[in-house]
Amino acid sequence: MDAGSSGQTMVDATGTGGRGIADATDATGAGGGGGQGGAAGMSGQSGAGGASGRSGAGGMGGASGASGQSGASGQGGTSGAAGAGGTSSGTGCTAPGTICWDFEGGATLPSGWMPYRNEFNGTLLVDNTRPHRGTYSLHARDLQGGVEGMDGGPKKTIRFDLPANFGPILWGRAWVYTTPARPSSHAGIFNARYPRPNSTMTTIDKLDWYEVATYTQKYMAIWHPPEPPGYPEWVLVSDTSLVLDDWACLEWLFDGVNGTNPEAADPRVWLNGTELLWPMKYVFSVPATTVRPVQEKVTNFTVLETGAYLYQGLPTTTNWWIDDLAVGKERVGCD
Ligand SMILES: [Ca+2]
Numbered sequence: 181m182d183a184g185s186s187g188q189t190m191v192d193a194t195g196t197g198g199r200g201i202a203d204a205t206d207a208t209g210a211g212g213g214g215g216q217g218g219a220a221g222m223s224g225q226s227g228a229g230g231a232s233g234r235s236g237a238g239g240m241g242g243a244s245g246a247s248g249q250s251g252a253s254g255q256g257g258t259s260g261a262a263g264a265g266g267t268s269s270g271t272g273c274t275a276p277g278t279i280c281w282d283f284e285g286g287a288t289l290p291s292g293w294m295p296y297r298n299e300f301n302g303t304l305l306v307d308n309t310r311p312h313r314g315t316y317s318l319h320a321r322d323l324q325g326g327v328e329g330m331d332g333g334p335k336k337t338i339r340f341d342l343p344a345n346f347g348p349i350l351w352g353r354a355w356v357y358t359t360p361a362r363p364s365s366h367a368g369i370f371n372a373r374y375p376r377p378n379s380t381m382t383t384i385d386k387l388d389w390y391e392v393a394t395y396t397q398k399y400m401a402i403w404h405p406p407e408p409p410g411y412p413e414w415v416l417v418s419d420t421s422l423v424l425d426d427w428a429c430l431e432w433l434f435d436g437v438n439g440t441n442p443e444a445a446d447p448r449v450w451l452n453g454t455e456l457l458w459p460m461k462y463v464f465s466v467p468a469t470t471v472r473p474v475q476e477k478v479t480n481f482t483v484l485e486t487g488a489y490l491y492q493g494l495p496t497t498t499n500w501w502i503d504d505l506a507v508g509k510e511r512v513g514c515d
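Residue numbers (the working numbering): 181 to 515.
What follows is the structure, encoded as structure tokens:
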């Protein structure tokens, strides 16, 4: 596999060093592309409205509340359904504490989500071009840019601040559709972040995080320290090619407690109900090391990010759709 490290950008406007994935034998890697300025205001909190939206979602458990799209729904949120009305996001969404987004609130972001990364070509939006269910989904449209194998690639994401005290175990579920080609570059789809133990730093660049992605055209999961630089990171690459030109149900478990073990658990990921195996595991860092990062335990997950974000170039214009996204304290399931 190629390697190279990859560039990335962070929230702040300063360029950041590169990072990315390389296999363990490739210690080299060019420095990262400079970051571009992140979208402003991601530090979030911004929305009281968002907060209400969230509670709406949680409140009714379900039916899409999240979507609530309108904070307005938040108000009615407790009663549930008042929500912006969307259809159910799945049976799993009735579990306590589960938050679901079916994107059925129309061509606008669901309440509480805000634009985050925005690099190179393409657009992240809610549209009606390819829903998994209902009419709408989140669409990373026509992403392209950079040079394959080199730092820097298109990144189009949104982020969401979880309700307080979400807890240390995060199950997730998303339906994802990718076309027309499997990217070779590291393509993130979802991540969840949390403050380091005994840290009061809550800005996104101070948080540890778990990630679900693809790399070398296969599914991948990673545990990262705060980004930048985001490494040394513990990388798990599957032997399963990412599903192309069809919907795929991805589920993940980020177990930040891991029983009585001293460190948080490795991420686990399921594709259409079958757990992925990780025949390739390695530490990536610049400079290279073989020493694994300490996977610090979680008190509460605090931030979600989704969309499509590539750390190396993407020469082929590519589209992703994400629908029926959910997170919860127990397994959500694909239905
Ligand atoms: Ca939908």
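Beta carbons: idealized from backbone N, C-alpha and C, even for Gly. Model, not experiment: these values are computed from the prediction.
Cut-off 6 Å between Cβ atoms - residues of its own chain near residue i, not counting five sequence neighbours on either side
| i | result |
| --- | --- |
| serine 465 | Tyr411, Pro412 |
| lysine 335 | Arg297, Glu299, Tyr489 |
| phenylalanine 346 | Asn480, Phe481 |
| aspartate 435 | Ile349, Ala445 |
| leucine 505 | Trp281, Ala354 |
| cysteine 429 | Trp355, Asn452, Cys514 |
| valine 423 | none |
| tryptophan 427 | His312, Trp355, Tyr357 |
Sequence-distant residues of the same chain with beta carbon closer than 7 Å to residue i, five excluded per side
| i | result |
| --- | --- |
| methionine 222 | Caution applies to methionine 222, whose pLDDT of 31 falls short of 50 and renders its modelled position unreliable; the value that the coordinates give is listed next. The residues are Val191, Met294, Tyr296, Arg339, Ile384. |
| valine 327 | Gly493 |
| proline 311 | Ser317, Asp503 |
Short Cβ contact (8 Å threshold) for residue i with residue j
| i | j | result |
| --- | --- | --- |
| glutamine 475 | glutamate 455 | no |
| threonine 496 | threonine 382 | no |
| leucine 304 | alanine 287 | no |
| tyrosine 462 | valine 415 | yes |
| valine 507 | isoleucine 279 | yes |
| alanine 275 | glutamate 510 | yes |
| asparagine 438 | cysteine 514 | no |
| tryptophan 432 | valine 392 | yes |
| aspartate 322 | asparagine 308 | no |
| glutamate 485 | threonine 380 | no |
| tryptophan 389 | asparagine 371 | yes |
| proline 405 | proline 360 | no |
| aspartate 365 | glycine 333 | Residue 365 is actually serine in this sequence, not aspartate. Closer than 8 Å, so yes. |
For residue i, the residue or residues it bridges with in DSSP
| i | result |
| --- | --- |
| arginine 448 | Leu433 |
| leucine 305 | His319 |
| tyrosine 399 | Thr394 |
| tyrosine 462 | Val415 |
| glycine 333 | In the DSSP output, where bridge partners are listed per residue, glycine 333 has none listed. |
| valine 474 | DSSP lists no partner for valine 474. |
| tyrosine 374 | Asp388 |
| cysteine 280 | Ala506 |
| glycine 368 | Ala393, Tyr489 |
Rounded C-alpha distance that separates residue i from residue j
| i | j | result |
| --- | --- | --- |
| aspartate 419 | glycine 277 | 33 Å |
| valine 478 | proline 447 | 13 Å |
| tryptophan 501 | aspartate 425 | 11 Å |
| proline 363 | leucine 457 | 20 Å |
| isoleucine 402 | glutamine 492 | 16 Å |
| alanine 503 | serine 421 | The sequence shown places aspartate at residue 503, not alanine. Roughly 20 Å between the two C-alpha positions. |
| glycine 325 | proline 377 | 37 Å |
| glycine 487 | threonine 358 | 12 Å |
| threonine 394 | threonine 498 | 14 Å |
| glycine 368 | tyrosine 399 | 10 Å |
| proline 408 | aspartate 341 | 19 Å |
| alanine 344 | tyrosine 316 | 28 Å |
| proline 375 | lysine 386 | 7 Å |
| methionine 330 | threonine 469 | 21 Å |
| aspartate 318 | valine 471 | According to the sequence shown, residue 318 is leucine rather than aspartate. Their backbone Cα atoms lie some 38 Å apart in a straight line. |
| glutamine 397 | asparagine 441 | 32 Å |
| aspartate 203 | arginine 373 | Residue placement at aspartate 203 cannot be trusted, given a pLDDT of 40 that sits under 50; what the coordinates show is reported in the next sentence. Approximately 24 Å between the Cα atoms of the pair. |
Proximal residues to residue i (C-beta, below 8 Å), its chain only, five neighbours per side dropped
| i | result |
| --- | --- |
| proline 459 | Val417, Ser418, Asp419 |
Closer than 7 Å: residue i CB and nearest ligand 3 heavy atom
| i | result |
| --- | --- |
| isoleucine 279 | Only ligand 1 can be found as ligands here, which leaves ligand 3 out of the picture. |
Counting by C-beta, which residues lie closer than 7 Å to a heavy atom of ligand 1, in chain order? Asp282, Phe283, Glu284, Pro311, His312, Arg313, Gly314, Thr315, Tyr316, Ser317, Asp503, Asp504
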